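Notes for the one structure printed next.
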Amino acid sequence: MKTSNYLACPECDLLLQQNISVVGDKIHCPRCNYLLHRPRTQSVPRTFALSLTGLFLLFPASLLPIVGVKILGNTQDGTILSGVVTLFHEGMWGVSIVVFLSSILFPMLSIVLSLLISGCLYFNHANRYLSVGLRILQHIEEWAMLEVYLLGIIVACVKLASMAQLKFGFGLTAFVLLLFVTVMLAHNFDSTLFWQKIEALKKNETK
Ligand SMILES: [Zn+2]
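Numbering that gives the first Met the number 0 applies: residue 0 is where the sequence shown begins, and numbers increase by one.
Here you go:
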């Protein structure tokens, strides 16, 4: 029995014969109606291009000023990294670690892993760490939460707007673009296709 031809429903564990699906199809679990697979057009090249763009945006988004606050003539620029450091120094180390993980480390890892995996698949380069990488990617994706940070920025700006002058920096533009790229990445990423391609590469290598 070739196990790679079977698919288990993540909701109810029903084992299904995996059929070849084409773009536009939606495969639902016959028992619980969970959406099992929705093939994406050009998933590998799009993931590769988007993660490359994301990688370029990561640095300005986390290092350049998001917002500058001017109170009584004093201007202070805030970046994501300086926010994490300030929270840590203020004794809120738990919050600072969560912010660091969800808005810097996990998004960075997720983009780097998507770039490496889609790059290998795009150039048909077999690598024995591909399946481990994809498994890690599927886990950390759930923890990268840039949108929560953006919400925090909006709330802080609304609260500060009445008492201080705010100046938005290029970091904010990069951050919003990065958020857009990660949403596009999640939309174009076809995990079933990625697993199939990794399996195919493995088979070619052992031949
Ligand atoms: Zn099911």
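For glycine and all other residues, C-beta sits at the position ideal for the given N, C-alpha and C. None of these values were measured; they are calculated from a predicted model.
Contact test: residue i Cβ vs ligand 1 heavy atom, cutoff 8 Å
i           : result
residue 33  : yes
residue 6   : no
residue 119 : no
residue 14  : no
residue 30  : yes
residue 89  : no
residue 10  : yes
Which of helix, strand or coil DSSP assigns to residue i
i           : result
residue 48  : helix
residue 168 : coil
residue 128 : coil
residue 5   : strand
residue 0   : The pLDDT assigned to residue 0 is 38, lower than 50, so where the model puts this residue is not dependable, and the model offers no usable value.
residue 69  : strand
residue 118 : helix
residue 205 : helix
residue 181 : helix
residue 254 : Summary: the structure shown does not reach residue 254, with the chain confined to residues 0 through 206, and so no result is reported for it.
residue 17  : coil
residue 75  : strand
residue 81  : helix
residue 53  : helix
Selected residue, minimal CA-CA separation from residue i, among the options
i           : options         : result
residue 186 : 40, 11, 87      : 40
residue 167 : 82, 78, 21, 190 : 78
residue 58  : 175, 198, 205   : 175
residue 172 : 31, 28, 61      : 61
residue 45  : 27, 8, 139, 180 : 180
residue 20  : 37, 194, 93     : 37
residue 12  : 121, 96, 31     : 31
Beta-bridge pairing of residue i - partner residues as DSSP gives them
i          : result
residue 26 : 36
Is it true that the stretch 24-36 meets the stretch 133-142, where meeting means three or more beta-carbon pairs spaced less than 8 Å apart?
Contact annotation: the stretch 24-36 does not touch the stretch 133-142, with fewer than three C-beta pairs closer than 8 Å.
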